Amino acid sequence: MTTNTLIALVDGSAYSESVCHHAAWIAGRNGWKVKVYHVMGRRQGTEKQDLSGAIRLGARTRLLEQLSELDAERARLSHEHGRAILEDAKAIIQTDGEIEVETRLRQGDLVETVTAKEETGDMIVIGKRGEAAGIAMEHLGSNLERIVRASHRPVFIANRAFKPVEKVLVAFDGGASALKAVDYIARSPLFAGLKISLVFAGRDTPEIRRSLEGAAATLKAGGFAPETILRAGEPEKVLAQITGAAEHELLVMGAYGHSRVRSLIIGSTTTEMIRSCRVPVLIMR
Numbered sequence: 028m029t030t031n032t033l034i035a036l037v038d039g040s041a042y043s044e045s046v047c048h049h050a051a052w053i054a055g056r057n058g059w060k061v062k063v064y065h066v067m068g069r070r071q072g073t074e075k076q077d078l079s080g081a082i083r084l085g086a087r088t089r090l091l092e093q094l095s096e097l098d099a100e101r102a103r104l105s106h107e108h109g110r111a112i113l114e115d116a117k118a119i120i121q122t123d124g125e126i127e128v129e130t131r132l133r134q135g136d137l138v139e140t141v142t143a144k145e146e147t148g149d150m151i152v153i154g155k156r157g158e159a160a161g162i163a164m165e166h167l168g169s170n171l172e173r174i175v176r177a178s179h180r181p182v183f184i185a186n187r188a189f190k191p192v193e194k195v196l197v198a199f200d201g202g203a204s205a206l207k208a209v210d211y212i213a214r215s216p217l218f219a220g221l222k223i224s225l226v227f228a229g230r231d232t233p234e235i236r237r238s239l240e241g242a243a244a245t246l247k248a249g250g251f252a253p254e255t256i257l258r259a260g261e262p263e264k265v266l267a268q269i270t271g272a273a274e275h276e277l278l279v280m281g282a283y284g285h286s287r288v289r290s291l292i293i294g295s296t297t298t299e300m301i302r303s304c305r306v307p308v309l310i311m312r
């Protein structure tokens, strides 16, 4: 079911601004509205410390009252901080275009929130790294892989800086999700007018060539003039090399396939692929 809505997840990290700019770009090209979510952890602003066992004499009641007041103040400030993050996100998105934006402040587990709300959106945008991860290359947002695994919607993973997209690299392995990604690109206004390259990493075989030709035909029917690339090597290394050469501004790949690309999402190399790739990644299910 199409909802014409994009779900954007922000947390106040350095990547949140990039999430907002990418959300505006996606929503503007598709004619969608944006729902921006900020999810506070269950303990954020509500964590209590029981010191009653260490309090003696008549001071106990007053100190407990003060602790209760501090808990309430912490919760209030946490909610205000969350609302400020959402208002900033809304302002950034609307500065980029005339886009309808709704904001949602939630408390609980981020992945549980996404799972519960994903049916209200057509795509999810999240930053490559979260508030606690910093900007070091070896760190990724702790919730990123959980969301990619749990979500049934396409997941757009924003890198740290927004850059207008003109060339799109599609990781192709002939599998069902790769074919679905190609069909999605051929039909979606998001990719209209962009240059599309199909890349297969691995051993060149007649079967793969036929599959690439079929995918290219689908894109041609959608009005594209796709380039096809065959490169020997491991998918994660080939994709990182091509995107690292600044030839493309977006990588699209399926979550599952029948080749080693499968391990990029469901195996331990998910982190390696996203970490080494310096462009946004759109994961298709």
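Okay, so the sequence shown: first residue is 28 according to the working numbering, each after it adds one.
Heads up, the beta-carbon is just placed ideally off N, CA and C, and yes, glycines get one too.
Values in this document were obtained by computation on a predicted structure and should not be read as measured data.
Check: Touch test, the stretch 94 to 113 against the stretch 53 to 70, Cβ-Cβ under 8 angstroms, three pairs minimum; Outcome: yes
Check: Through-space distance from threonine 29 to leucine 266, alpha-carbon basis; Outcome: 31 angstroms
Check: Among Ile153, Glu240, Lys222, Lys247, nearest to histidine 48 - alpha-carbon criterion; Outcome: Ile153
Check: Residue interval of the beta strand (DSSP E) (run including serine 224); Outcome: 222 to 228
Check: Collapsed DSSP secondary structure at isoleucine 256 in the structure displayed; Outcome: strand
Check: Histidine 179 classed as buried or exposed, judged by whether at least 16 other C-beta atoms fall within 10 angstroms; Outcome: exposed
Check: Every unbroken beta strand (DSSP E) inside the stretch 182 to 206 [3 residues or more]; Outcome: 182 to 185, 194 to 198
Check: Close Cβ partners of lysine 222 (< 6 angstroms) along its chain, the five nearest in sequence each way excluded; Outcome: Lys194
Check: Pairwise C-alpha distance: alanine 51 and cysteine 304; Outcome: 22 angstroms
Check: CA-to-CA distance, serine 40 to arginine 156, given in whole angstroms; Outcome: 8 angstroms
Check: DSSP state of threonine 140 mapped onto helix, strand, coil; Outcome: helix
Check: Pick from Thr88, Arg258, Ser43, Trp59 that is closest to leucine 113, judged by C-alpha positions; Outcome: Ser43
Check: Nearest candidate by alpha-carbon position, reference alanine 252, set Ala185, Gly220, Ile119; Outcome: Gly220
Check: Alpha carbon of glutamate 125 to alpha carbon of glutamate 96, nearest angstrom; Outcome: 42 angstroms
Check: Rounded straight-line distance, which links the Cα of leucine 217 to that of leucine 277; Outcome: 12 angstroms
Check: Residue ranges of each alpha helix (DSSP H) within the stretch 109 to 154, 4 or longer; Outcome: 137 to 144
Check: Contacting residues, own chain, Cβ-Cβ under 6 angstroms from aspartate 115 (five flanking each side not counted); Outcome: none
Check: DSSP-derived helix/strand/coil call for threonine 270; Outcome: helix
Check: Per DSSP, the bridge partner or partners of threonine 32; Outcome: Lys60
Check: Which of helix, strand or coil DSSP assigns to proline 233; Outcome: helix
Check: Threonine 122 to valine 128 span [Cα, whole Å]; Outcome: 11 angstroms
Check: Straight-line gap, glutamine 134 to valine 141 (C-alpha atoms, nearest Å); Outcome: 12 angstroms
Check: Cβ-Cβ distance between phenylalanine 183 and isoleucine 53 below 8 angstroms; Outcome: yes
Check: Coil, strand or helix - valine 37 by DSSP; Outcome: coil
Check: Cβ neighbour criterion (16 or more within 10 Å) applied to glutamate 92; Outcome: exposed
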